[in-house]
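Peer 1: Going by this note's numbering, the residue at position 397 of the sequence shown is 649; the numbering climbs one at a time, nothing skipped.
Think of the CB as a built atom: it goes at the ideal place given N, C-alpha and C, for glycine as much as any other residue.
Note that the structure is a prediction, hence the values are computed from the model and not measured.
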Amino acid sequence: MKRLSLSIQVSLIALIALIGFAVVGGIYLISSNTQSEFLDTQMSESRGVLANEEVRVGFLEARGAEQDFLATLDPKFVQAHKEAIEKTLPFFDTLKTVHSAPEEQAVIDGMKDGFLKYDAAFENVVSDWTTIGLTRDTGLMGLVRQSAHDVEQAVTDHKAQDLNVALLQTRRVEKDFLLTLDPEKIAEMDKTMVDFDTILARSTMPAADKKDVEARFDTYLADFKQLAELRLNVQADTVAMEKMYEDIQPALQHLEEQGSTDFTAATEGLLTNRDESRTMMLSLIGVVTVISFGLALLIGRAISKPVGAMTSAMNRLAGNELDVAVPATDYSNELGAMAKAVQVFKDNAIAVKRLEAEQAKAEERAKEEKRALMNKMADDFMASVGHVVQAVASASTQMQSSAQSMTATAEQTSRQSVAVSAAAEQASTNVETVASAAEELSSSISEIGRQVAQATTVAKEAVREAGETHETVNSLVAAAKAVGEVVAMISDIADQTNLLALNATIE
253 MKRLSLSIQV SLIALIALIG FAVVGGIYLI SSNTQSEFLD TQMSESRGVL ANEEVRVGFL
313 EARGAEQDFL ATLDPKFVQA HKEAIEKTLP FFDTLKTVHS APEEQAVIDG MKDGFLKYDA
373 AFENVVSDWT TIGLTRDTGL MGLVRQSAHD VEQAVTDHKA QDLNVALLQT RRVEKDFLLT
433 LDPEKIAEMD KTMVDFDTIL ARSTMPAADK KDVEARFDTY LADFKQLAEL RLNVQADTVA
493 MEKMYEDIQP ALQHLEEQGS TDFTAATEGL LTNRDESRTM MLSLIGVVTV ISFGLALLIG
553 RAISKPVGAM TSAMNRLAGN ELDVAVPATD YSNELGAMAK AVQVFKDNAI AVKRLEAEQA
613 KAEERAKEEK RALMNKMADD FMASVGHVVQ AVASASTQMQ SSAQSMTATA EQTSRQSVAV
673 SAAAEQASTN VETVASAAEE LSSSISEIGR QVAQATTVAK EAVREAGETH ETVNSLVAAA
733 KAVGEVVAMI SDIADQTNLL ALNATIE
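#1: Between which two residues does the alpha helix (DSSP H) containing Val559 stretch?
#2: Helix, strand or coil for Asn585 per DSSP?
#3: Less than 7 Å between C-beta atoms, sequence neighbours within five positions excluded: which residues of the same chain meet that for Val275?
#4: State the DSSP-derived secondary structure class of Ser455, mapped to helix, strand or coil.
#5: Does DSSP put Ala412 in a helix, in a strand, or in coil?
#6: What's the gap between the Cα of Lys278 and the Cα of Ala601?
#7: In this structure, how does DSSP classify Pro247 when only helix, strand and coil are distinguished?
#8: Given a cut-off of 8 Å, decide if Asn585 and Ser257 are closer than it, judged by their beta-carbon atoms.
#9: When we look at the beta-carbon of Gln768 and count the other beta-carbons within 10 Å, is it buried (16 or more) or exposed?
#10: What would DSSP say about Asp389, mapped onto helix, strand or coil?
#11: Could you tell me the boundaries of the alpha helix (DSSP H) in which Ala269 lies?
#12: First and last residue of the alpha helix (DSSP H) that includes Leu368?
#13: Assign Val338 to one of two classes, buried (16 or more other C-beta atoms within 10 Å of its C-beta) or exposed (fewer than that).
#14: Please name the residue, chosen from Leu522, Asp744, Asn567, Ser529, that lies closest to Glu615 on a Cα-to-Cα basis.
#15: Using only CA atoms, which one of Leu574, Ala593, Glu573 lies nearest to Asp582?
#16: Are the beta-carbon atoms of Leu347 and Leu507 separated by less than 8 Å?
#17: Straight-line CA distance for Glu723 to Ala618?
#18: Which residues in the same chain as His410 place their Cβ atom closer than 8 Å to its Cβ, once the five residues preceding and following it in sequence are excluded?
#19: Would you kindly work out how many angstroms separate the C-alpha atoms of Asp514 and Val542, rounded to a whole number?
#20: Could you please give the first and the last residue of the uninterrupted alpha helix (DSSP H) stretch that includes Pro342?
#21: Rounding to the nearest angstrom, what Cα-Cα distance links Val672 and Gln706 in this structure?
#22: Is DSSP giving Asp744 helix, strand or coil here?
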């Protein structure tokens, strides 16, 4: 699970369900096809059973028409028989479409062949009966009756009682044959013919009449024998038709039983397949549901557990607990990517905190360096300016001293001027005093000139020192500006460091 992506894990649930439903659909499709085959078999066997029953009923209808014809000799039953045959024949083809096994095809062909032979036999019976005569006055029946009547008429005309008795005996045998269809009656008919000929030969009837009676009797006998032959043929065909019907019955019964068996088997197969398919589909749906549910629980726990742990870790990281361990960093899926992102967040937070500490140290160090630099600059300034100040102070002291000296000289000059004035006033009185005062005045003036020259020199030196002091102050100002630029650069670097730390924190 650690190596599978979440989309694959979630898709796995859908895939299991899809495979399950596909298998269920496959089972349903196979079951549906199988059930369709069973239904087709049911319908086919139903058609077979119905066709088999139609053959049975059609044969019975043909047999009924046959029996009705034989009982009544009514031609309408011939038509009914024909209609029954024509109606029944197509069902043999239906049976062949249902029963495709070679042995069953052979049975059906045998049934159809027997049915057609039965129809041919019935046609022979109808033909024979038409020849025999469908009524007493038609066909051979009419001829026999007419020829017998002709013999009776001739015998009666000649009043031959013995011949009449012999003829009656012959007619009795004829009736017995027609009633019993016993072939021995034909032989008995031949015996009566001999008896009749013997009696005819002993009679006193004229020869021409005898010949006429004999010819009529021979015609009667020939008609009877033809009638007897056809009646025996009808009997044989009737027996054959009965046998044909009986021979077909086992085949019909076999096909009916086979159709019923196949229909029952198809029904049982249909029900069994339906139950088994339903059981399999329900079982498979249950298994797929359990597997999908279990897989969903497994995947849900595999996702929710690390997500919950990451949520807790992120909350603790948000609370500035940077020593918390980030879970799921060994995952190769989206959870692993999230965990790695959280780890990056943690590392960035740690880096930011470290940068903040380093920045604080750097700022403290910068402050200390700035203080040291300022102190050094102040010391250097004091060292540089102190000398100038000292020189200025010294010059000022010297100037003050010179000024004081000049002041004293001026005061002295003033006093001397006053004295000169007094002396001048007293010049007239004391030339020597004037001369002496003039010398002192000249000496004082010289001293004043000297002091003034010295003051001028001191002033120039003070001006020069002041210029040097101004240059020193300018260089200190430039140095202070350079220090300010360095401090500004340090501030910019600190700001950029803070910005980088902030960006890292955001990332």
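Peer 2: In this structure, then:
#1: 459–570
#2: coil
#3: Leu536
#4: coil
#5: coil
#6: The sequence shown places Gly at residue 278, rather than the Lys named in the question. So the two alpha carbons sit approximately 58 Å from each other.
#7: Outside the modelled stretch of the chain, which goes from 253 to 759, sits residue 247, for which no answer is possible.
#8: yes
#9: The structure shown does not extend to residue 768, since the chain is modelled only from 253 to 759, so the question has no answer here.
#10: coil
#11: 258–324
#12: 354–384
#13: Note that residue 338 is Glu in the sequence shown, not Val. Per the 10 Å Cβ criterion, exposed.
#14: Asp744
#15: Ala593
#16: yes
#17: 29 Å
#18: Ser455, Met457, Asp461, Val465
#19: 41 Å
#20: 327–350
#21: Because the pLDDT at Val672 is just 36, under 50, the model does not fix this residue reliably, and the point stays unresolved.
#22: helix
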